[in-house]
Amino acid sequence: MKYEKEIIDNILLLKLSGDLIGENNGPGLVEVLNEHINKGVYKCIIDMSEVRYMNSSGIGVLITILTKLRNKNGEVVLLQPSDQVKKLLIITKLNNIFSFFESKEEAVQNLK
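Note that full-length UniProt numbering gives residue 43 to position 43 of the sequence shown, counting from 1, and the numbers run on in steps of one.
Now the structure itself:
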């Protein structure tokens with residue numbers, strides 16, 4: 001998995017591509033998040049439009065990110081998750097915890 005990061009209005013945008021398999025990718029993503037939390041960035045958009053596959057460890061990474069941000073009164077939302085990722089989040093009932101958005105603008109507005 002690859003990722004790119006960008007800051008928009010003090011919101012961290014993480015654009016992921018490839019497979020989100022936590023044991024391989026999780027530590028790097030959490031480290032990036034911690035760096036931004038230390039700089040006072042407590043809101044995050046995770047662009048999942050190019051994530052092809054996610055396993056239970058990948059779900060664990062999302063929950064870790066959510067927990068770290070909410071502990072700082074922050075929030076994380078998901079941008080354009082694929083059908084496969086949406087199905088997994090619905091099966092695990094995490095669709096009740098994470099908000100999904102179809103456009104970056106909507107996601108940014110929601111977090112402001």
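Virtual Cβ for every residue (Gly too), placed ideally from N, Cα, C.
Only a predicted model underlies this, so the values are computations on that prediction, with no experimental measurement involved.
Cβ-Cβ distance between residue i and residue j below 8 Å
{"i": "Lys-43", "j": "Leu-111", "result": "yes"}
{"i": "Met-1", "j": "Leu-13", "result": "no"}
{"i": "Ser-49", "j": "Gly-22", "result": "no"}
{"i": "Val-25", "j": "Val-77", "result": "At residue 25 the sequence reads Asn, which differs from the Val that was named. It is not a contact, given that the beta carbons lie outside the stated cut-off."}
Residue i burial status per 10 Å Cβ neighbour count (16 or more: buried)
{"i": "Ile-7", "result": "exposed"}
{"i": "Asp-47", "result": "buried"}
{"i": "Ile-97", "result": "exposed"}
{"i": "Gly-40", "result": "exposed"}
{"i": "Gly-28", "result": "exposed"}
{"i": "Ile-91", "result": "exposed"}
Examine the Cβ distances between the region 67–87 and the region 21–40 and report whether three or more of them are shorter than 8 Å. yes
Where are the alpha helix (DSSP H) runs, 4 residues long or more, that stay fully inside the UniProt domain "STAS" (1–111), in chain order? 22–38, 56–70, 83–91, 104–111
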